[in-house]
Amino acid sequence: MTIFSRLHRASVLVLVVSLLGACAGSNGTAITPEGINDPNEKANRGVHEFNRSLDRAFIRPAGVGYTNFVPDGLEDGITNFALNLEEPKNMVNSLLQGNLRGAGLSLFSFVTNTTLGFGGIIDATRELGIPENDTDFGETLYVWGVGEGNYIELPFLGPSTHRRTAGLVVDLFTNPLSAVFDGRSRFFYLTPAGFASGLSARGRFTDTIDSVLYESADSYAQARLIYLQNRRFKLGDAESSTEIDPFELDTEGF
Amino acid sequence: MQRRHFLAIMGASAFLPALPARALTDASAKKLVDSLVNDVNKVITSGKSEKAMYSEFARIFARYSDTSYISAYAMGADGRTASKAQKRAFSEAFQSYIARKYGRRFREFIGGRLEVKSVRRVKNWYEVDTTAFLQGEAPFTVTFHVSNRTGRDLFFNMFIEGINLLLTERAEVGALIDRNGGNIDGMIRDLKSAG
């Protein structure tokens, strides 16, 4: 191992530890009635404006163009290929969470789609009705009892939390494929496939994403609320108590 | 991220049938959503134009959801200081905003279907879980909350992959109120051109 890669690993470790520290330290900070923990809102709004102009200038046109010009079959194939490469990461995290069923589903999907699905281009397991097992190290941290931390909007990547961000960094290393692909093949295959599937999602969901980013009164607040609700639901951490009893709400005059 | 689903299914909420007043039970809550699912599937396969689907949506939404609860919830704490006329104007503006915003996305639902999975009692309402299958998408969960507060079984909220329709729209209304410096009439004016 070279000194450079040692330093590189050490700096990643420092980043992850400091993010986890932030998760632990966030318990005392103010939380809104919607359960939003966002003490760095001002800085986050700055990043949001950056992301929005990036989207307007590059990502949206590229995504819409990609979806319109690339034939649907090819577009699906590229997205399937990228998603299949996530399965080893899903499997490792399921194991770390003690979720043997999930680990088995991911292993089965990876083997099946890589062989019967021609290297993952066809999502054979979806055709067979096999449930998806999509997880990440952020979820593993949740299962291990680490707090959510503050809300954070990441440049380029968008809404996240401290816990999820620490997970993203760790997942770069827990993906067993990182060991299989060397730097060059990762650059030529993995990264472009992931990028293309991201563009595809931007293009296909353009009406909905536009309505949040460009048509709502406060796009930052809408994106934050929608992201947090969906993320907590995925983790099984959703609060059911936010509902107002229909018999108790004063509806007089409405 | 399944935001698109959230919005796509909003279109589905239009097709709730009315049922006669009686005690709300597991079976009647399920029946309500079953009928909804049937009607949604029927409209999807009807081959009607987008425009026809949209107007059907607006009409049926107004008639079959608990619109006064939905409006009161969306206005939030500001509803307490609103006058009677403001509440009425808001209710009307909000309903047509919802119809516009989600109705024009109905086409995303073409070729899809909803299946009722389970019913669960929560306090004095029912939670009905359905699974949505859209073309080329992984199946996802859509939950309806049903009550008979008004004397009829009506749905008063829905969740797409955990995203609460009313909570999300209340935040939007709150942002409109802030933008108008707390002025409710200004918010209602903006709402009429939003969506």
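Residue numbers (our numbering), protein chains in the order written: chain A, 196 to 449; chain B, 73 to 267. Cβ coordinates follow ideal geometry from the N, Cα and C atoms, glycine included.
First through last residue of the beta strand (DSSP E) which encompasses residue 189 (chain B): Locating residue 189 (chain B) in the second sequence gives position 117, where the first residue counts as 1. Residue 189 (chain B) -> beta strand (DSSP E) spans 185-194.
Cβ contact check for the segment 407-426 of chain A and the segment 213-227 of chain B: 3 or more pairs under 8 Å: no
Own chain residues within Cβ distance below 6 Å of residue 423 (chain A), not counting five before or after: As a working note, residue 423 (chain A) is residue 228 in the first sequence. Once the five neighbours on either side are set aside, residue 423 (chain A) has no close Cβ partner at all.
Beta-carbon gap between residue 388 (chain A) and residue 280 (chain A) smaller than 8 Å: Numbered from 1 along the first sequence, position 193 holds the residue referred to as residue 388 (chain A). Numbered from 1 along the first sequence, position 85 holds the residue referred to as residue 280 (chain A). Yes, the Cβ-Cβ distance between residue 388 (chain A) and residue 280 (chain A) is below 8 Å.
Where residue 292 (chain A) sits in the DSSP three-state scheme: Along the first sequence, read from residue 1 onward, the residue named residue 292 (chain A) stands at position 97. Three-state DSSP puts residue 292 (chain A) in coil, outside helix and strand.
Unbroken beta strand (DSSP E) run spanning residue 204 (chain B), endpoints: Taking the first residue of the second sequence as position 1, residue 204 (chain B) is located at position 132. Its beta strand (DSSP E) spans residues 197-205.
C-beta atoms of residue 302 (chain A) and residue 286 (chain A) nearer than 8 Å: Locating residue 302 (chain A) in the first sequence gives position 107, where the first residue counts as 1. Locating residue 286 (chain A) in the first sequence gives position 91, where the first residue counts as 1. Contact: yes.
Chain B contacts from the segment 384-399 of chain A (Cβ-Cβ distance under 9 Å): 396, 399
Minimum Cβ-Cβ distance from residue 153 (chain B) to chain A less than 8 Å: For the purposes of this step, residue 153 (chain B) is taken as residue 81 along the second sequence, with counting starting at 1. Judged by the 8 Å Cβ criterion, residue 153 (chain B) is not in contact with chain A.
Beta-carbon neighbours of residue 210 (chain B), restricted to chain A and to distances below 8 Å: Position 138 of the second sequence holds residue 210 (chain B). Near residue 210 (chain B) (Cβ distances below 8 Å), the residues of chain A are 321, 327.
Collapsed DSSP secondary structure at residue 449 (chain A) in the structure displayed: As a working mapping, residue 449 (chain A) is identified with position 254 in the first sequence. It is coil, neither helix nor strand.
First and last residue of the uninterrupted alpha helix (DSSP H) at residue 245 (chain A): Here residue 245 (chain A) corresponds to residue number 50 of the first sequence, with the count starting at 1. Residues 236-249.
C-beta neighbour in chain A for residue 265 (chain B), strict 8 Å: The residue given as residue 265 (chain B) occupies position 193 in the second sequence. Judged by the 8 Å Cβ criterion, residue 265 (chain B) is not in contact with chain A.
Chain B within 8 Å of residue 446 (chain A), Cβ atoms only: Walking along the first sequence from the start, residue 446 (chain A) turns up at place 251. With 8 Å as the cut-off, residue 446 (chain A) counts as an interface residue toward chain B.
Beta carbon proximity, residue 254 (chain B) to chain A, threshold 8 Å: One-based indexing of the second sequence puts residue 254 (chain B) at position 182. No, residue 254 (chain B) does not count as interfacial toward chain A.
Within chain A, partners of residue 251 (chain B) - CB distance below 7 Å: Within the second sequence, numbered from 1, the residue matching residue 251 (chain B) stands at position 179. Under the 7 Å cutoff, chain A gives 412.
Where residue 313 (chain A) falls: helix, strand or coil (DSSP): For the purposes of this step, residue 313 (chain A) is identified with residue 118 of the first sequence, where counting begins at 1. Coil at residue 313 (chain A), not helix or strand.
Beta-carbon proximity of residue 220 (chain B) to residue 108 (chain B), cut-off 8 Å: Walking along the second sequence from the start, residue 220 (chain B) turns up at place 148. Walking along the second sequence from the start, residue 108 (chain B) turns up at place 36. Result no, Cβ atoms of residue 220 (chain B) and residue 108 (chain B) do not sit closer than 8 Å.
Inter-residue spacing [alpha-carbon to alpha-carbon] between residue 236 (chain B) and residue 250 (chain A): For this step, residue 236 (chain B) is matched to residue 164 along the second sequence. For this step, residue 250 (chain A) is matched to residue 55 along the first sequence. Their Cα atoms are separated by approximately 26 Å.
Within chain D, partners of residue 143 (chain B) - CB distance below 7 Å: Chain labels in this structure do not include chain D; the protein chains are A and B.
Candidates A:240, A:215, A:359, A:213, of which the one nearest residue 413 (chain A) by Cα: Stepping through the first sequence from its first residue, residue 413 (chain A) is reached at position 218. The option with the nearest alpha carbon to residue 413 (chain A) is A:240.
Identified DSSP bridge partners for residue 348 (chain A): Translated into positions along the first sequence, residue 348 (chain A) becomes position 153. BP columns for residue 348 (chain A) point to A:354.
Sheet register partners of residue 226 (chain B) (DSSP bridge): For the purposes of this step, residue 226 (chain B) is taken as residue 154 along the second sequence, with counting starting at 1. In the DSSP output, where bridge partners are listed per residue, residue 226 (chain B) has B:219.
Cut-off 7 Å between Cβ atoms - residues of its own chain near residue 371 (chain A), not counting five sequence neighbours on either side: Residue mapping note: residue 371 (chain A) aligns to position 176 of the first sequence, counting from 1. Here the set comprises 283, 287.
Same chain, Cβ closer than 7 Å to residue 266 (chain B), neighbours up to 5 away in sequence not counted: Position 194 of the second sequence, counted from the first residue, corresponds to residue 266 (chain B). Only 169 meet the Cβ criterion.
Whole-angstrom distance between residue 342 (chain A) and residue 128 (chain B), CA atom to CA atom: Here residue 128 (chain B) is taken as the residue at index 56 of the second sequence, counted from 1. Here residue 342 (chain A) is taken as the residue at index 147 of the first sequence, counted from 1. C-alpha separation (whole angstroms): 45 Å.
Under 9 Å (Cβ pairs) to chain A, residues found in the segment 185-210 of chain B: 194, 195, 196, 197, 199, 208, 210
DSSP three-state assignment for residue 210 (chain A), whether helix, strand or coil: Position 15 of the first sequence holds residue 210 (chain A). Correct three-state label for residue 210 (chain A): helix.
N-terminal and C-terminal residue of the alpha helix (DSSP H) that residue 162 (chain B) is part of: By 1-based counting over the second sequence, the position of residue 162 (chain B) is 90. Per DSSP, residue 162 (chain B) belongs to the alpha helix (DSSP H) from 156-175.
Run of the alpha helix (DSSP H) containing residue 402 (chain A), from where it starts to where it stops: Here residue 402 (chain A) corresponds to residue number 207 of the first sequence, with the count starting at 1. Taken as a continuous stretch (DSSP letters only), the alpha helix (DSSP H) holding residue 402 (chain A) covers 401-408.
Cutoff 8 Å; reference residue 262 (chain B); Cβ partners in own chain excluding five residues on either side: As a first step, residue 262 (chain B) is located in the second sequence; it is residue number 190 there, counting from the start. Same-chain partners within the cutoff: 248, 251, 252.
Residue 254 (chain A) in three-state terms, based on DSSP: Working through the first sequence from its first residue, we reach residue 254 (chain A) at position 59. Here residue 254 (chain A) sits in helix by DSSP.
Proximity of residue 262 (chain A) and residue 353 (chain A) at Cβ, strictly below 8 Å: Numbered from its first residue, the first sequence carries residue 262 (chain A) at position 67. Numbered from its first residue, the first sequence carries residue 353 (chain A) at position 158. Going by C-beta atoms, residue 262 (chain A) is not nearer than 8 Å to residue 353 (chain A).
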